[in-house]
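Quick note on numbering: the UniProt record's numbering labels position 401 of the sequence shown as 401, and the sequence is numbered without any gaps. Glycine included, every Cβ here is placed at the ideal spot set by N, Cα and C. Because the structure is a prediction, the values reported are computed rather than measured. Below is one structure; the comments refer to it alone.
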Amino acid sequence: MFLIIAFVLSVVMLFTWIETSNEYHGFDWVVFLITGCWFFWSILMLSLFGIMTAYTLLLLILGILLLRERIELYLHTIHKILVMVAILLCVSLLVILFKFWNERWLVVGLSLKEKTELGPKPVFFAHRGSPMAGPENTMMAFEKAVEEGAHGLETDVHLSTDRVPFLMHDYDLRRTTNIREVMPEAAYNHPSTFSWRNLSKLNAGEWFVHPRTRPFFNMKPLSEADKKRARNQSIPQLADLLKLAKKEKKFVIFDLFGPPRQHPLRNTYVRQVVSVILASKIEQRLIFWLPGHDRDYVRYMAPGFQHVGRLFSIEYLTRENISIINVDYKRLFYNGLKDYKEANIYINLYLVNEPWIFSLAWCSRINSVTTDNIPRLSQLTRPHFFMTPQFYMAIWLFMDIVSAVVITAIFCYHWWKELKAEKLIEASRNFKGSRSVSVSLEQNENQEASHLPTKPPTRVGETPWTPGLAGSKKKYSDAPHFEEPLKKKPGSVKITQSTVVPVVPPKDVEVGQVPNWEAAGEGAPQTTVPPMEANI
């Protein structure tokens, strides 16, 4: 029972972890924040669940085979301990996932759509640039994203103590810079507590080239030129990104992190960022303004910015004049954001890296997605699992025909087996009937043979019947003479009913009289009457 429970839980965890592959990088990042060690924990968990599933399945199969052979099961103590450990581990992880990662439980719910209803392919916002081709939030990554065909560029903005907006995602500099080598005592400090002079000295690309700290497990190998270029990357300013976006006509969307309390721009950091954007002379329509703080000032200073909201109510978005929302992709699984699409609200989903999630977004008429993997998603020319009603009907008809053929074949097979069994039974009955007839005939024959004399008549003793017997009839002229019967092949004897007349000795012969040939001193040959055989 415990073995079955362990197997079921292992399968559930393996399936769940495979389905959440879109979150592997985020999971590794969260574990890094807790442990301070970068490792592909997601791949380790996937391997663990795979081993647990294979182990419990093997034990289950062996148990079934032993039960089939009627052998009593005796599970070794080590196996019992491992099975209990597997159950406890799966239950603990399920509780953790339900409590802290509840929205990661994904269910694939794809609906069929008319081909004419399929919206245009969603465009791509490059998440921190192209983090599989260059160090995240560096100019190399953003330039790679432009080469890959990104529609817009997504980033994260902090402000230094000397009022310079720069690009950084984490709340410290350990993961993406060499702060531990340059200033190990300040490795855990917030990025906004550094001056731009100190930040500009940090290397922001060496970690990306090192095999132990590469960000993605499935990223392609870098060329030597890209490795050299990545090693020379530094932390860029927001102005550098705006310059590239202005040149390439790319949209820009970013998360703006508020500085700590002691920061000089604690209350005015939004205005500082707006001034930097306006100073770059970029077209205001290319800015997707996501920060919700101090929107009135932003509207006043930059009326051309396109304001982006979160998953607020439609009434609130209408009142705030917000026509774009930036939504976690998991929100798509509830109702497909149907109400927002009917209200003509532009929807951007983050973070979409798997083709099947991108296909779902495409079928749901989502406008754009934020992704780490533009090359992979851009290769899709149509959604996965997409089919027209005609193709859907053709599949059903084909499956119906195949099912009918299989069912008919199974029926014919069983009918043939039943017919064969009936023929065998009938043949067995006929065989038993013929045997009974043979036995009855044998009994009749034995009864008739019992009336014959036990002592052979006078010349029968000369058998076997050979041609030599013909010459003896001159010597014994008065003795009865037997002719040799016709020989027949075995199995050709017909059983016929005949009347046997016993031989009566002459009156002048005494009972104890010895036959003439005995008196003459000739030995009487012994005769063995061959038994009769019948071919049934």
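- Each of Glu136, His414, Val274 was checked against the Cα of valine 164, and the nearest Cα belongs to Val274.
- Within the same chain, Cβ atoms closer than 8 Å to the Cβ of valine 308 are found at Ile253, Phe288, Trp289, Leu290, Ile322, Ile324, Ile325, Asn326, Asn348, the five residues on either side in sequence being excluded.
- Counting every other CB atom within 10 Å of its CB across the protein chains shown gives tyrosine 188 a total below 16, marking it as exposed.
- Looking at the DSSP output, valine 327 shares a beta bridge with Leu349.
- Under the DSSP definition of a beta bridge, glycine 134 lacks any partner.
- The beta carbons of leucine 238 and phenylalanine 166 sit closer together than 8 Å.
- When the beta-carbon positions are compared, proline 375 and glutamate 148 come within less than 8 Å of each other.
- Exposed is the label assigned to asparagine 218, since fewer than 16 other Cβ atoms lie within 10 Å of its Cβ.
- Remark: C-beta atoms of glycine 152 and lysine 243 do not approach each other more closely than 8 Å.
- DSSP places histidine 25 in no beta strand (DSSP E) but in the uninterrupted alpha helix (DSSP H) bounded by 24-35.
- Counting the other Cβ atoms within 10 Å of the Cβ of aspartate 339 gives fewer than 16, which makes it exposed.
- Selection Ile87, Asn178, Ala245, Phe15 evaluated against glycine 129 yields Ala245 as nearest (Cα-Cα).
- In this structure, DSSP gives serine 195 a state outside helix and strand, which the three-state scheme calls coil.
- Leucine 65 and leucine 73 do not touch by the CB rule: their CB atoms are close to 10 Å apart, not below 8 Å.
- Here glutamine 306 is bridged, per DSSP, to Phe288.
- Secondary structure remark: continuous alpha helix (DSSP H) runs of at least 4 residues inside the stretch 197-239, in chain order: 206-209, 224-231.
- Counting only residues of its own chain and dropping the five nearest sequence neighbours on each side, tyrosine 300 has no CB closer than 6 Å to any other CB.
- The criterion of a C-beta distance shorter than 8 Å is satisfied by phenylalanine 7 and threonine 56.
- The DSSP-derived three-state label of proline 122 is coil.
- DSSP places serine 368 inside the beta strand (DSSP E), whose first and last residues are 368-371.
- Taken through DSSP and simplified to helix, strand or coil, threonine 161 comes out as coil.
- Histidine 263 is not a Cβ neighbour of serine 200, given a cutoff of 8 Å.
- One Cα belongs to leucine 3, the other to valine 83, and the distance between them is close to 6 Å.
- Around the CB of proline 303, fewer than 16 other CB atoms lie within 10 Å, so the residue is classed as exposed.
- When secondary structure is reduced to three states using DSSP, threonine 56 falls in the helix class.
- The three-state secondary structure of phenylalanine 166, taken from DSSP, is strand.
- Taking 8 Å as the cut-off, the Cβ atoms of leucine 9 and valine 85 do not count as close.
- Under the three-state reduction of DSSP, phenylalanine 251 is assigned to strand.
- Contact check between the stretch 367-382 and the stretch 391-401: fewer than three CB pairs, one atom from each, fall below 8 Å, which does not count as touching.
- Residue state for glycine 50 is assigned as helix, using DSSP reduced to three classes.
- In the displayed model, glycine 63 falls within a helix according to three-state DSSP.
- For aspartate 28 and proline 221, the gap between their C-alpha atoms comes out near 20 Å.
- Here aspartate 156 is bridged, per DSSP, to Asp255.
- Residue environment: alanine 126 is assigned as buried (16 or more neighbouring CB atoms within 10 Å of its CB, all protein chains considered).
- For methionine 139, the uninterrupted alpha helix (DSSP H) segment begins and ends at 139-147.
- Taking every protein chain shown into account, the CB of glutamine 390 has fewer than 16 other CB atoms within 10 angstroms, so this residue is exposed.
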